[in-house]
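> Here you go, one structure.
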Amino acid sequence: MNKWNRREVLAAGAALGALPALTLATETSGMLTKPIPSSGDALPVIGLGTYSVFDVDSTPDAIAERREIVDLLTASGGSVIDTSPMYNRSEKVIGDVIASRAARDDLFLATKVWTDGRDSGVAQMRRSFELMRTDTIDLMQVHNLRDTALHMDTIREWQDDGRIRYNGLTHYTAGAHAALEREMRKFEPQFIQINYSLGEREAEQRVLPLAREMGIAVLINRPFQSGRLFRAVAGKELPDFATGFAESWGQFFLKFIISHPAVSCAIPATSKPRHMVDNLRAGFGELPDEDMRKRMSDYFGTV
Ligand SMILES: NC(=O)c1ccc[n+]([C@@H]2O[C@H](COP(=O)([O-])OP(=O)(O)OC[C@H]3O[C@@H](n4cnc5c(N)ncnc54)[C@H](OP(=O)(O)O)[C@@H]3O)[C@@H](O)[C@H]2O)c1
């Protein structure tokens, strides 16, 4: 495959004109990773969400644009792509991107099952393999806790067959955290995926501590509150205290998330290569410590 090196990723970012030049202290190192508790395998801290942004017709131009985004992800040492049958054409587009680049091994593919009933779940999961043109799915998650018990049985059977590597549960609203907590205790998933950001801090109360206690890896969805965080800081400069670890608001938001000790990986969605470069850079350099995290949230509370 055409593997970009770190310097080329940075050059791509500069060429896209969105970001200032960045001097990296660790030019040769890859993206920060966290261990998946159930296996010890390293997971890169920044991934890619596909809700809406990959729901496009598979025209050559659309696939080339998404392939550029995926190439930026893997060239930086990232791997996680999150999707779902609920995201309409997204699984197919991921499959078309994989077919256009034949680098499946660089990706950690996470999708979901989102239907009622065992047979329907089996059919939907089979379809996900076909659409994404893969023999293995790295992470199969029960989307929004829909019919969890039935689907977890199937997922575990398929894990035994080697078709699925990890199982997980997802939700995206604080109102569902109590139900998620119950299902974490009951089903002991290897991953959960939840909403957490500077604008939505509820997961800190119970879900993130429980994930840590139970040894469950955590993907974070809605890291920008579906873009709302950018609107909240529109026209505002980054505070001086952040310049040592963030060069943009996107990196400020993402570093707040991935510096939480229970968080494994944030999955921001983007349709734009320059935003992908911006987001990926949050996976490098210093992470804020507890004091700095408090400062970040205090500051965000004032904007
Ligand atoms: N129940 C579930 O399991 C569930 C629920 C919700 C979400 N998810 C997953 O989580 C992923 C992320 O959540 P999300 O899609 O709701 O939203 P998000 O990642 O919080 O925000 C995406 C928005 O931010 C913009 N953006 C991205 N990077 C940016 C940057 N560096 N600078 C400025 N704008 C930027 C994107 O626009 P551009 O395209 O212009 O960059 C897009 O409008 C989803 O795609 C999905 O994979 C799962």
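The sequence shown begins at 9 in this note's numbering and counts up one residue at a time. Note that CB positions come from ideal geometry on N, CA and C, so glycine has one too.
Beta carbon of L188, beta carbon of P231: below 8 Å?
In the sequence shown, counting from the first residue as 1, residue 188 sits at position 180. In the sequence shown, counting from the first residue as 1, residue 231 sits at position 223. Going by C-beta atoms, L188 is not nearer than 8 Å to P231.
> Do M160 and F195 count as a contact pair if the criterion is CB distance below 8 Å?
By one-based count along the sequence shown, residue 195 stands at place 187. By one-based count along the sequence shown, residue 160 stands at place 152. A contact, by the Cβ cut-off of 8 Å.
> Which full runs of the beta strand (DSSP E) of 3+ residues lie inside the segment 181-205, going along the chain?
As far as the segment 181-205 is concerned, its whole beta strand (DSSP E) runs of at least 3 residues are 199-203.
> Can you look up T31 in the DSSP assignment and give me helix, strand or coil?
Mapped onto the sequence shown, residue 31 falls at position 23. Model confidence at T31 stands at a pLDDT of 31, short of 50, so the residue's coordinates are unreliable; what they give is reported in the following sentence. Of the three classes helix, strand and coil, the one that applies to T31 here is coil, per DSSP.
> Out of A70, H185, D169, point me to the one whose CA is closest to L153's CA.
As a first step, residue 153 is located in the sequence shown; it is residue number 145 there, counting from the start. Checked all of A70, H185, D169; the closest Cα to L153 is H185.
> If you drop the 5 nearest sequence neighbours on each side, which residues of the same chain put their C-beta closer than 6 Å to that of L81?
What you label residue 81 is simply residue 73 of the sequence shown in a count that begins at 1. For L81, where only same-chain residues beyond five positions count, the Cβ hits under 6 Å are L56.
> Using C-beta distances below 6 Å, list every residue in its chain close to M133, excluding the 5 sequence neighbours before and after it, in chain order.
As a working mapping, residue 133 is identified with position 125 in the sequence shown. Taken in chain order, the residues that qualify are V121.
> Between P312 and P197, what straight-line distance do the alpha-carbon atoms span, to the nearest angstrom?
Since the first and last residues shown for the chain are 9 and 311, residue 312 lies out of range.
> Given a threshold of 16 other Cβ atoms within 10 Å of its Cβ, counted over all protein chains shown, does G86 qualify as buried or as exposed?
Walking along the sequence shown from the start, residue 86 turns up at place 78. Buried, since its Cβ has 16 or more Cβ neighbours within 10 Å.
> Suppose the cutoff is 7 Å on Cβ atoms and the five residues either side in sequence are ignored; what does the same chain contact list for D146 look like?
The count along the sequence shown starts at 1 and reaches residue 146 at position 138. Cβ neighbours of D146 beyond the five flanking positions: F116, L117, A118, R173, Y174.
> Does the beta-carbon distance from L206 to F308 come in below 8 Å?
Taking the sequence shown and counting its residues from 1, the one referred to as residue 206 is at position 198. Taking the sequence shown and counting its residues from 1, the one referred to as residue 308 is at position 300. In contact: L206 and F308 (Cβ atoms closer than 8 Å).
> Between N229 and ligand 1, is the CB less than 7 Å from at least one heavy atom?
Taking the sequence shown and counting its residues from 1, the one referred to as residue 229 is at position 221. For ligand 1, at least one heavy atom lies less than 7 Å from the Cβ of N229.
> Can you find a heavy atom of ligand 1 that lies under 7 Å from the Cβ of H185?
Indexing the sequence shown from 1 puts residue 185 at position 177. No, the beta carbon of H185 sits no closer than 7 Å to any heavy atom of ligand 1.
> Can you tell me whether R236 is buried or exposed? The criterion is at least 16 other CB atoms within 10 Å of its CB, across all chains shown.
Within the sequence shown, numbered from 1, the residue matching residue 236 stands at position 228. It is exposed - the Cβ of R236 has fewer than 16 other Cβ atoms within 10 Å.
> Which runs of the beta strand (DSSP E), 3 residues or longer, sit entirely within the segment 26-94?
Listed in chain order, they are 41-43, 50-52, 88-90.
> Under 7 Å from any heavy atom of ligand 1, does the C-beta of H159 make it?
Indexing the sequence shown from 1 puts residue 159 at position 151. H159 Cβ: outside cutoff for every heavy atom of ligand 1.
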